[in-house]
Structure formats: structure tokens, C-alpha cells
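Take a look at the structure below.
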Amino acid sequence: KLTGLLPENTAIRIGGLMRITNSYYSNLIEGQFTEPATLSARVPRRDSKLLRELAESHIGVQELLERAVRRPKSIEASWGVFFAPELISVIHRRLFASASDEDLRLSDGRLLVPGQLRDVAQRNVLVGDHAAPAWESVTPMLQRLQQVYGGQPDQTSRVLSALAYHHRLAFVHPFEDGNGRVVRMATHLQLMRLGLASPLWSLSRGLARKQDEYYGRLRAADQPRRGDLDGRGQLTQRGLFEFVEFMLQVCIDQMDYVEQSMGLVSLRQRLERVIGLESRFIESG
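If you count the sequence shown from 1, you need to add 13 to reach my numbering.
Right, dumping it as C-alpha cells:
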């Protein structure tokens with residue numbers, strides 16, 4: 014629907030600009046950094062210039078992954094493929110393959126290995142004041158997530174599973190660093206597979222504009238189950254439902270924003286308001 018608002022060539026060009034937007038905001042969101050559990054949980058934020066450079070390096074990766082999703086082989090693939098641990102590793106490896114040593118250097122001096130899961134690195138990490146699951150459990154947890162969220166049969170349940178998986182993957186924290194960008198890219202590709210991700214809107218932009226609430230919802234869904242009526246797993250089901258509701262609203266808000274910004278009717282209405290407020294236009298007739 015959004016793409017249909019504009020001529021094809023215009024939509025393609027704006028889509029390229031939105032990749033820049035998506036990549037920049039996804040990097041900008043990264044305000045909580047991860048490091049080995051034995052070290053301090055405080056790491057300086059990267060400056061805006063470095064954020065721009067990181068964003069630019071990820072634009073081509075996003076375009077490459079989007080093309081892969083649109084291939085007939087991917088379209089015909091099962092829904093579960095988009096939750097495979099192997100895909101998550103590929104996304105991380107692609108995003109950081111061309112990163113400089115400065116970008117890859119962890120706080121203990123080691124270099125992050127693109128695509129390497131924590132159980133391979135045998136590293137536990139802290140995420141703020143939250144200890145991520147032990148490294149030994151990373152691959153089994155990813156396999157379980159694929160089984161649960163990748164096995165949904167219909168469109169509605171698949172949308173909900175993609176947004177729920179966003180939190181659960183972030184909770185597992187499969188890599189030593191760079192998890193946020195991987196999680197948001199995975200969600201973007203899953204929505205593309207469902208035909209819901211347009212090149213004209215950016216989930217990361219919406220999350221960056223509500224960054225505090227985004228992190229708050231993630232933390233709330235990290236909490237233990239609140240009694241027998243709060244699901245059957247170890248984590249709160251209510252917190253997860255509230256996170257999914259938040260994500261749905263962010264998606265809808267961004268779609269509405271783009272539609273209103275690019276709609277010819279709304280453009281005319283904004284122009285009329287500007288002219289109406291300017292007395293000299295009124296006086297000139």
C-alpha cells in the first residue's frame with residue numbers, strides 16, 4: 014500500500030534513503046554496551062561521526078539481505094528458516110565483516126569475531142545490570158526459539174511470533190556485542206518475508222524515537238513469571254504480550270507517518286495551513 018503511493022522510480026530512490034535512515038537509527042539506538050561479566054558494565058557511547066560511519070557500512074548489507082529474501086528460493090522456504098540460528102549468525106557476520114578493528118574491539122581488548130555465537134567464544138556477558146543466559150545455553154535456546162516461533166501456521170500468528178522473537182532473541186544475547194542491530198535486522202527481514210516491510214518505512218526509526226520505552230519494554234519482558242497465571246515458561250508472559258503490543262503500535266505509527274507525509278491529500282492540507290496562517294497570502298487573495 015505504501016509503495017503504491019508513489020511512482021516506482023520514486024519509491025526505489027526513497028527506499029534507498031530509508032535504508033540509510035534505518036541503518037543510522039539502528040546504530041543510534043545502541044546505548045547499552047555489552048562486555049565480559051568480569052568487567053565494568055559502563056562503556057562510553059560512540060560519537061555521532063562513528064555512528065554515521067557504522068550506519069553507512071550497514072546499508073549495503075541490508076540491501077543484500079533484502080535481495081536474498083526476495084529470491085524465489087527464500088519466498089518458497091519455510092517460515093522457520095527465518096528463525097534459524099545459522100541465519101542469525103549470517104546477519105551478524107555480514108553486518109560486521111567490514112568493520113574496523115576499532116569497531117570490533119571489546120572492552121577487554123579482544124576483537125569481536127563476526128558471526129561467532131557466545132557458546133563458541135565461551136563468554137558470559139552483562140547487559141546493563143542483566144546477566145545474559147550462560148554461554149552453554151545459547152545454541153539450545155536459539156534452536157528452541159526457532160521451533161516455537163518458526164512453527165506458526167498463519168499470517169497473524171507469524172506477525173506476532175516475529176515481534177515476540179525480537180525480545181526473546183535480545184534476551185538470549187547470542188553474540189558478545191552487536192546484538193541489537195542483529196535483532197532489528199532479523200525482525201525487518203521477517204516482516205519482509207510476510208510482505209509487511211516496505212522500503213518506505215523504518216522500524217528502527219520508530220524504536221529510536223521511543224528508545225526509553227523500547228528498552229523499558231525489553232527489560233519488563235525479561236522479568237521472571239509473575240505467578241501461575243502468567244504463562245508456563247520462566248519469563249513473564251504478560252510482559253512479553255505488552256512488548257508485542259508496543260512493537261505493533263510502533264509499526265503502525267511509522268506506516269501512518271510515511272503515508273501521511275507522502276500522501277498528496279495531506280501535502281495539500283499542510284500547504285493550505287501554511288498559506289492560511291500567513292496574512293499576506295490572505296490579503297493578496
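Glycine included, each C-beta is placed from N, C-alpha and C at the ideal position.
All of these numbers come straight from a predicted model, not from anything done at the bench.
Residue i burial status per 10 Å Cβ neighbour count (16 or more: buried)
i      : result
Ala110 : exposed
Pro57  : Here the model assigns Pro57 a pLDDT of 49, short of 50, so the residue's position is not dependable and the matter cannot be decided.
Asp326 : There is no way to answer for residue 326, as the model of the chain reaches only from 14 to 298.
Ala144 : exposed
Asp190 : buried
Gly163 : buried
Pro237 : exposed
Leu52  : Residue placement at Leu52 is poorly supported in this model, since its pLDDT is 36, which falls under 50; the coordinates still yield a value, given next. Leu52 is exposed by the Cβ-count criterion.
Arg32  : buried
Ile101 : buried
Leu284 : Residue placement at Leu284 is poorly supported in this model, since its pLDDT is 49, which falls under 50; the coordinates still yield a value, given next. So Leu284 ends up on the exposed side.
Thr299 : Outside the shown range of the chain (14 to 298) lies residue 299, about which nothing can therefore be said.
Arg84  : exposed
Ile295 : Residue confidence for Ile295 is low, a pLDDT of 48 falling below 50, so the modelled location carries little weight; the figure read from the coordinates is stated next. Per the 10 Å Cβ criterion, exposed.
Leu220 : buried
Leu77  : exposed
Ile88  : exposed
Gln299 : Outside the displayed range of the chain (14 to 298) lies residue 299, so it cannot be described from this structure.
Pro153 : exposed
Arg245 : exposed
Arg136 : buried
Endpoints, the beta strand (DSSP E) within which residue i is located
i      : result
Val94  : It is not in any beta strand (DSSP E) - Val94 carries neither H nor E in the DSSP assignment.
Leu158 : First-last for Leu158: Val151 to Tyr162, but that is the alpha helix (DSSP H), not the beta strand (DSSP E).
Leu139 : Val138 to Val140
Check whether residue i and residue j have beta carbons under 8 Å apart
i      : j      : result
Ala82  : Leu202 : Per the sequence shown, the amino acid found at residue 82 is Val instead of Ala. Yes, the Cβ-Cβ distance between Val82 and Leu202 is below 8 Å.
Val185 : Pro146 : yes
Val195 : Ile265 : no
Asn192 : Ala199 : no
Asp243 : Arg251 : yes
Leu117 : Leu125 : yes
Phe256 : Arg230 : yes
Gln75  : Ser113 : no
Leu158 : Phe96  : yes
Trp92  : Arg171 : yes
Pro187 : Leu139 : no
Ser39  : Arg197 : yes
Gln165 : Ser174 : yes
Glu79  : Met205 : yes
Residue range of the unbroken alpha helix (DSSP H) whose run includes residue i
i      : result
Leu173 : Gln168 to Val185
Leu231 : Gln224 to Ala234
Pro85  : Pro85 to Glu89
Per-residue DSSP class, three states only, for residue i
i      : result
Leu202 : helix
Val126 : coil
Leu213 : coil
Arg118 : strand
Ala134 : helix
Leu207 : coil
Ala145 : coil
- Message: Under 8 Å, with one C-beta from each stretch per pair, do the segment 148-158 and the segment 123-134 reach the 3-pair mark?
- Response: yes
- Query: Does the count of Cβ pairs from the segment 244-263 and the segment 215-234 closer than 8 Å reach three?
  - Reply: yes
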